[in-house]
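Since the structure comes first, as structure tokens, the remarks are kept for the end.
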């Protein structure tokens, strides 16, 4: 088992390298880099999309075009264009910038944001707790609701309970999370009816002045509606997956044999069926967490004014802030692969018959 874990950890390194390389190459073909946007702003064509120009972090990406070929550079002094390229680090060849980026990333040195004039690691450190809070609580509550509900539906397959809960699940799956968020705001956050929950932020403005019990209550008060918004579409798929996994196991021969031996239904369900049926459910945990954390949470962060990592990456993509774009990609990939490794290790605790140590990585 330890050998398997070591192999998987070592495999993370080339995987990260390949993902960053592919995205680096793709970015080279993307028009409208930082230099182009700054030139357009200087010529009054960017509509104010750039907030400020700052040095540092420019080693990250975008082909360093020549002064004569830079998009939108006509009418500007070529020497001035070269200075802009040097400011963002685009005066170096792409290969040199890529290797410099990889070397820095090994020590989690992500450079400085092009437009926010702050170290990228500081920005990520400020935003990551918000996204982690949303992702963890949503995933945890989704599993706490979906697994018991799915087991109950499998045991009572075809009953009235199974039918009406399936209807609820289908409706929940059909409602987008951001639309449900708007509905919750209208109903419970002062939109038209009640003002039971705050509309924005993860904590109150004077949160630091509270005592710890008050801080905890305030935190959960703020996070309730965003988490419910993200859960609405997540629990549906997991519930049906749990039900189908248990139904498949319940109909197998070893369950019939266990019943013939006189074992109780509860012992059969939780002593034999559970560990086999839960393998697929556990396998889906990394994907569920990553999808909530990096995709589903974006619009919810915008609606509830939650300054998280998803919103930071989205804004960086719009503004071509490449240090933040590549840093968030690096963090996303690293978290995803570590969660996948954790899910594989969890297999062993659910079903001791699985031994990754005797298999290849």
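In the working numbering, the protein residues as written are 4 to 364.
Think of the CB as a built atom: it goes at the ideal place given N, C-alpha and C, for glycine as much as any other residue.
Keep in mind the model is a prediction, meaning the values are calculated, not measured.
In this structure, the CA atom of residue 18 is about 10 Å from the CA atom of residue 24.
In the structure shown, residue 206 falls within a coil segment according to DSSP collapsed to helix, strand and coil. Counted as a single uninterrupted DSSP element, the alpha helix (DSSP H) harbouring residue 225 occupies residues 215-253. Using a 10 angstroms sphere on the CB of residue 100, the tally of other CB atoms reaches 16 or more, which defines it as buried. In this structure, the straight-line span from the alpha carbon of residue 151 to that of residue 131 is close to 30 Å. Taking one beta carbon from each stretch, the segment 319-331 and the segment 248-263 have fewer than 3 pairs nearer than 8 Å; the two do not touch. Under the 8 Å Cβ criterion, the segment 229-247 counts as touching the segment 181-188, having at least three qualifying pairs.
Counting only residues of its own chain and dropping the five nearest sequence neighbours on each side, residue 239 has a CB closer than 6 Å to the CB of 172, 175 and 176. According to the DSSP assignment, residue 146 belongs to the alpha helix (DSSP H) that extends over 123-158. Using a Cβ distance threshold of 8 Å, residue 316 and residue 304 do not count as a contacting pair.
If you draw a 10 Å sphere on the C-beta of residue 109, you find fewer than 16 other C-beta atoms in it, and that means exposed.
Pairing residue 334 with residue 127 gives a Cβ-Cβ distance under 8 Å. Here residue 200 is not near residue 168, since their CB atoms are 8 Å or more apart. In this structure, the straight-line span from the alpha carbon of residue 285 to that of residue 203 is close to 33 Å. In the DSSP annotation of this structure, the continuous segment of the alpha helix (DSSP H) that includes residue 263 starts and ends at 256-263.
Residue 11 places its beta carbon 8 Å or farther from that of residue 342. By the Cβ-count criterion, residue 292 is buried, with 16 or more other Cβ atoms from all chains shown falling within 10 Å of its own Cβ. Within the model, the alpha-carbon separation for residue 197 versus residue 5 is close to 54 Å.
Straight through space, the alpha carbons of residue 217 and residue 348 are spaced by roughly 37 Å. Taking the Cα positions, residue 310 is about 16 Å away from residue 328. Spatial neighbours of residue 141 in its own chain (CB-CB distance under 6 Å, excluding positions within 5 residues in sequence) are listed in chain order as 230, 233, 234 and 295.
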